[in-house]
Amino acid sequence: MMGMEILMNVTPQETRVALVENGVLVELNLERARGFGLVGNIYKGKVNRVLPGMDAAFVDIGLERAAFLHASDVAPAHHEALPEGEEVAREPIQRLLHEGQEILVQVIKDPMGTKGARLTTHITIPSRYLVLLPDNSVVGVSTRIEAETERERLKTLLGQLQSETTAKPGLIARTAADGATHDALKQDVEFLEKLWQSIDERAKQAKAGSEVYADLPLSLRILRDMAGVTLERVRIDSRETLQKVTEFANRYMVELLPHIEHYPGERPIFDLYNIEDEIEKALDRKVELKSGGYLIFDQTEAMTTIDINTGGFVGHRNLEETTFKTNLEAAQAIARQLRLRNLGGIIIVDFIDMTQEEHKRQVLRALEKGMEKDYARSQICEVSPLGLVEMTRKRTRDSLAHQLCEPCPTCGGRGYLKSAETVCFEMFREILREARQFDAQELLVLASQSVVDLLLDEESASVAQLQEFIGIPIRFQVETLYTQEQFDVVPV
């Protein structure tokens, strides 16, 4: 059985990293030379505006749009470690920040659409096994490490390592720290301490609105975050990146070294598992299921909806059985597509109605099981009385469609156009309006090919009637650059 494989396709303009599981693409990450992801980057910011009504502030970090900092993400000046489960009473934003103030901030959400980046002043710096919290002194363990004995071992170890540091920063064990040795954790702490010192020095000298620290490039970040996952191999089609990845692995992930290899093939690396085709499919609304059924994905501002149809699947013995089989297959496909498309926020799944409670339970279980391998946190609710499943998936970066596409300039993202017939009737109303207003000898109508064709063919009798009514001739001219909805009526 094949395991997890990473393929890296690198060009000077773009790095694309594909995660392939058992020969199937499950996740795609990309980073372009322009517009890198900003999550994890640290900036010296300047408070632009304090908004008491929103309990937040806008901060200039040198980007096109001001970034957003909510009061809940502002650390109090002297932050003591609190016992687990306790929270510090929060001050209102106007007590925490003032306009013109310079602060060190970290991006926790990339700018998306019209929204600026989201910030925090709780700085965290991750390494392979740990996360360092320079303004805190907490010692914690990721909740995904469940064994009580391992949690205790790590807490004790981290407490010991923290006491050996000069600044006594907070340390949290990541999921990958499960089973890590004392020496491995010690190395991480030393690396993080050095890194924080250099960030701190740079921050003191930096001008407001400038970057102080950028997270690792995608090719290295993906390996750091995959720590603890057994990788069969990492194939890279660029010698330069191969060298950087090998150096990084040599320093932090020695066990990965034998699995890293250069891909010198004639065929592009992403042709290996039909990855380019899979990316194309992940941008479509419709996803075909093997049984003949299909899914329809619709991404809106507020949520993503997924509709399931039996399509050409005539199925087994009866309707309930057909429905159940299609829904089961759909649940597995949805789990994969959510990860591949990187869809986040609220997701509503409209499964085909099932009558048997046991079938509903099994479909829900199949969806939960499919989501287990996903790194993004998700929450799935029970089937609602209307047969819908509501779920959320944590969103930290833009979806694949938002990264690779832009709204259609013709329809402006609506997904449909006014029909040629509708435009003709709008035009008739405009002609009547203009004929009354202007003393013209003739009216010139500029429109798209499809609209002019309709006017001269099916609507020619209406045009003749209209000419007779207004008493002046109407001349039509095709404007090739006009969309179907655009037209002009010009008095001549």
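So the sequence shown is numbered by UniProt numbering: it starts at 1 and just counts up by one. We treat Cβ as the ideally placed atom computed from N, Cα and C, and that holds for glycine.
For Gly159, the enclosing alpha helix (DSSP H) has its first and last residue at Glu148 to Glu164.
Under the DSSP assignment, Ser378 falls in the beta strand (DSSP E) whose first and last residues are Ser378 to Val383. Shown here, Glu485 sits in coil according to DSSP, grouped into three states, outside any helix or strand.
According to DSSP, Glu301 shares a beta bridge with no other residue. If the five residues before and after Asn48 are omitted, its C-beta is found closer than 6 angstroms to the C-beta atoms of Phe58, Asp60 and Ala66, all from its own chain and listed in chain order. Cβ-Cβ distances below 8 angstroms link Lys394 to Gly344, Ala376, Arg377 and Ser378 in the same chain, with the five nearest sequence neighbours on each side left out; the list follows chain order.
According to DSSP, Ile347 shares a beta bridge with Thr304 and Met391.
With a beta-carbon spacing of about 15 angstroms, Gly293 and Glu320 fall beyond the 8 angstroms limit used to define contacts. In the assembly as shown, Cys408 is an exposed residue. Its beta-carbon has fewer than 16 other beta-carbons within 10 Å. For Ile296 and Leu223, the gap between their C-alpha atoms comes out near 33 angstroms. Checking the DSSP bridge columns, you'll see Tyr43 partnered with Val105 and Glu211.
Tyr482 and Val445 have their alpha carbons spaced roughly 12 angstroms apart. Short of 6 angstroms from the beta carbon of Met427, and not among the five residues preceding or following it, lie these beta carbons of its own chain, in chain order: Phe487.
Here the alpha carbons of Ala180 and Thr300 stand approximately 43 angstroms from one another.
Check the Cα spacing between Leu231 and each of Val141, Phe438, Glu255 and Ala447: the tightest is with Glu255. Listed in chain order, the non-local C-beta contacts of Glu479 below 6 angstroms within the same chain comprise Leu446, local neighbours out to five positions each way being set aside.
Pairing Met54 with Val24, the inter-Cα distance amounts to about 45 angstroms. In the pairwise beta carbon analysis, the region 26-46 is classified as touching the region 193-210: at least three pairs are separated by under 8 angstroms.
Taken through DSSP and simplified to helix, strand or coil, Met226 comes out as coil.
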